[in-house]
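Step one of this worksheet: look at the structure below.
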Amino acid sequence: MKNIFYVGLFLLTFTACTDEIVIPSLPNNQIFSYTYKNFDPNTGDVKDSIKYKISNNKILTYEGINGLKEPVSGQFKYVNERLSERIVKKNGVLLSTETFTYDNNGNLIETFKKQEEGSVNNYKKTTFNHTPDTIFVNEAKSTDGLNFQTKIIAKIVLDENQNGIYYENEFSNGGHQITEYIYNNNAPIKYNTYRINNSNKTLWSESFITTTNETNALYKILEKTFSKKKLMILHYQNASFSPTFFKFRNISPRTIQQFNYEIKSSPLVTKFEITNSIINDQHVKSTYRSAIDGFGALTSFEESFSYN
Numbered sequence: 013m014k015n016i017f018y019v020g021l022f023l024l025t026f027t028a029c030t031d032e033i034v035i036p037s038l039p040n041n042q043i044f045s046y047t048y049k050n051f052d053p054n055t056g057d058v059k060d061s062i063k064y065k066i067s068n069n070k071i072l073t074y075e076g077i078n079g080l081k082e083p084v085s086g087q088f089k090y091v092n093e094r095l096s097e098r099i100v101k102k103n104g105v106l107l108s109t110e111t112f113t114y115d116n117n118g119n120l121i122e123t124f125k126k127q128e129e130g131s132v133n134n135y136k137k138t139t140f141n142h143t144p145d146t147i148f149v150n151e152a153k154s155t156d157g158l159n160f161q162t163k164i165i166a167k168i169v170l171d172e173n174q175n176g177i178y179y180e181n182e183f184s185n186g187g188h189q190i191t192e193y194i195y196n197n198n199a200p201i202k203y204n205t206y207r208i209n210n211s212n213k214t215l216w217s218e219s220f221i222t223t224t225n226e227t228n229a230l231y232k233i234l235e236k237t238f239s240k241k242k243l244m245i246l247h248y249q250n251a252s253f254s255p256t257f258f259k260f261r262n263i264s265p266r267t268i269q270q271f272n273y274e275i276k277s278s279p280l281v282t283k284f285e286i287t288n289s290i291i292n293d294q295h296v297k298s299t300y301r302s303a304i305d306g307f308g309a310l311t312s313f314e315e316s317f318s319y320n
């Protein structure tokens, strides 16, 4: 599925603040709909929009438009309460399928994705080897589904609460990066990224996060859809590049109050304004807008959640 939560803001000092949002105390407090809209920050026009159908806080289906105004849709399938397959369509035509395979203990051991674009197919196979203290990842790609070339080798360490605390990624182009997380009551409050060159470890970026005591509704959906452990394991894909606020939201169980992200080699400052509001007893909305001083607006998007 297209990662709609990511916007690349590289070489920046990144700050964000938000007022606390209070999730209404509803009888069942079950989310049944989640909508994401991405706007042109200068004109306010909708660039892309996706609406997800939620049941028992799990994603079932979604539909909307992509950045080219093409209709897209998707379906999540489950077997024995575990995510088994993701299907994506564009213009009503199958675009990709991704399957999830587990061992007898319920550990994710493989994902296999087939991407179809006209007459060209691309495949990605990712294997996960679970040891007592480390999860080893091998991500490989192919154009025929038979002969695969490794693109990423990763190591993941989870703590006793299944929080991802260490991600190490080695790329086929020679790149090598480590991301380390620190948690407080299961909420990430700090992470550092390091670039490795000739065995030398250099601090690339540093971030500090302050959260509220309120539930992050997006995390609530993703945690139920994937399971916490699987969500943390698959986060290695986000740790492959410079982490941003958008990726961090996916693994934070509480809403973000303040976010500071600094890449050590850059003096630029990006301001991120977040507004959280309760529309009524069953609808919550958050708006996000970022800008660089002297350069104008960069991003603008909105997400809303509807409760039973």
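In this text, residue positions in the sequence shown follow my numbering: the first is 13, and each later residue adds one.
Beta carbons: idealized from backbone N, C-alpha and C, even for Gly.
Every value quoted in this text rests on a predicted model; they were computed, and no experiment measured them.
Whole-number beta carbon distance between residue j and residue i, since they are thought to touch under 8 angstroms
{"i": "Lys101", "j": "Gly86", "result": "7 angstroms"}
{"i": "Glu97", "j": "Thr109", "result": "7 angstroms"}
{"i": "Pro200", "j": "Tyr231", "result": "Between Tyr231 and Pro200 the Cβ distance is about 11 angstroms, and since that is not below 8 angstroms, they are no contact."}
{"i": "Arg301", "j": "Ser312", "result": "5 angstroms"}
{"i": "Thr111", "j": "Phe124", "result": "5 angstroms"}
{"i": "Lys202", "j": "Ser219", "result": "7 angstroms"}
{"i": "Asn133", "j": "Asn173", "result": "Contact doesn't hold; Cβ gap of about 40 angstroms is too wide."}
{"i": "Tyr44", "j": "Asn320", "result": "Sequence check: residue 44 is Phe here, not Tyr. Their Cβ separation, rounded to whole angstroms, is 6 angstroms, which keeps Phe44 and Asn320 in contact under 8 angstroms."}
{"i": "Gly56", "j": "Arg94", "result": "Not a contact, Cβ separation roughly 41 angstroms."}
{"i": "Tyr135", "j": "Gly157", "result": "5 angstroms"}
Selection from the options that minimises the alpha carbon distance to residue i
{"i": "Ser277", "options": "Tyr206, Gly118, Tyr135", "result": "Tyr206"}
{"i": "Glu122", "options": "Thr267, Ala152, Ile190", "result": "Ala152"}
{"i": "Thr139", "options": "Lys163, Asn272, Gln127", "result": "Lys163"}
{"i": "Leu310", "options": "Asn50, Ser61, Asn41, Asp293", "result": "Asn50"}
{"i": "Ile190", "options": "Lys236, His247, Leu243, His142", "result": "His247"}
{"i": "Ser217", "options": "Gly186, Tyr273, Gly118", "result": "Tyr273"}
{"i": "Thr155", "options": "Ala303, Glu182, Gln127, Glu172", "result": "Gln127"}
{"i": "Ser289", "options": "Thr267, Gly306, Phe271", "result": "Thr267"}
{"i": "Tyr90", "options": "Lys213, Val84, Ile99", "result": "Ile99"}
{"i": "Thr81", "options": "Asn92, Ser61, Arg94", "result": "Reading off the sequence, residue 81 comes out as Lys, not Thr. It is Ser61."}
{"i": "Glu182", "options": "Lys202, Tyr195, Ile208, Thr299", "result": "Ile208"}
{"i": "Glu226", "options": "Val296, Ile177, Asn175", "result": "Val296"}
{"i": "Ile304", "options": "Tyr135, Pro53, Asn175, Gly130", "result": "Pro53"}
{"i": "Val84", "options": "Asp57, Glu93, Asn103, Leu95", "result": "Asn103"}
{"i": "His161", "options": "Phe88, Ser131, Ser184", "result": "As written in the sequence, residue 161 is Gln, which differs from the His given in the question. The shortest Cα separation from Gln161 among Phe88, Ser131, Ser184 belongs to Ser184."}
{"i": "Asn175", "options": "Gly187, Leu215, Ile263, Leu107", "result": "Ile263"}
{"i": "Asn210", "options": "Gly187, Tyr193, Glu192", "result": "Gly187"}
{"i": "Thr223", "options": "Gln249, Met244, Lys213, Arg261", "result": "Arg261"}
{"i": "Ile3", "options": "Gly76, Thr214, Tyr193, Gly79", "result": "Nothing about residue 3 can be reported from this structure: the residues present for the chain run from 13 to 320 only."}
{"i": "Asn141", "options": "Glu314, Leu120, Ser298", "result": "Leu120"}
{"i": "Asn116", "options": "Asn92, Leu106, Glu129", "result": "Asn92"}
{"i": "Lys137", "options": "Asn159, Ser131, Glu129", "result": "Asn159"}
Beta bridge counterpart(s) of residue i as assigned by DSSP
{"i": "Ile66", "result": "Ile71"}
{"i": "Lys167", "result": "Phe148, Glu180"}
{"i": "Ser312", "result": "Phe51, Arg301"}
{"i": "Ser61", "result": "Lys49, Ile77"}
{"i": "Gly391", "result": "Residue 391 is absent from the model: the chain starts at 13 and stops at 320."}
{"i": "Arg266", "result": "Thr227"}
{"i": "Gln189", "result": "Asn181, Arg207"}
{"i": "Leu5", "result": "Past the boundaries of the shown model lies residue 5; the chain is included only from 13 to 320, so the question cannot be answered."}
{"i": "Ile275", "result": "Ser217"}
{"i": "Phe317", "result": "Tyr46, Val296"}
{"i": "Thr162", "result": "Ala152"}
{"i": "Asn175", "result": "Note: Asn175 sits in no beta bridge, so no partner."}
{"i": "Ile291", "result": "In the DSSP output, where bridge partners are listed per residue, Ile291 has none listed."}
{"i": "Ile194", "result": "Lys202"}
beta-carbon residue i near the ligand PLP non-hydrogen atom, thresh 6 angstroms
{"i": "Ser312", "result": "This structure lacks the ligand PLP, and indeed carries no ligand of any kind."}
Check your understanding: Can you give, in chain order, each stretch of the beta strand (DSSP E) that sits fully within the segment 99–152 and has at least 3 residues?
Key -> 105–114, 120–129, 132–142
Check your understanding: Counting pairs of beta carbons, one from the segment 131–151 and one from the segment 166–177, are three or more of them closer than 8 angstroms?
Key -> yes
Review point. Quick one: complete alpha helix (DSSP H) runs, 4+ long, within the segment 208–250?
Key: Counting only runs of at least 4 residues, the segment 208–250 fully encloses the following alpha helix (DSSP H) elements, listed from N- to C-terminal order: 229–238, 240–246.
Check your understanding: Does the segment 228–247 come close enough to the segment 63–81 that 3 or more CB-CB pairs lie under 8 angstroms?
Key -> yes
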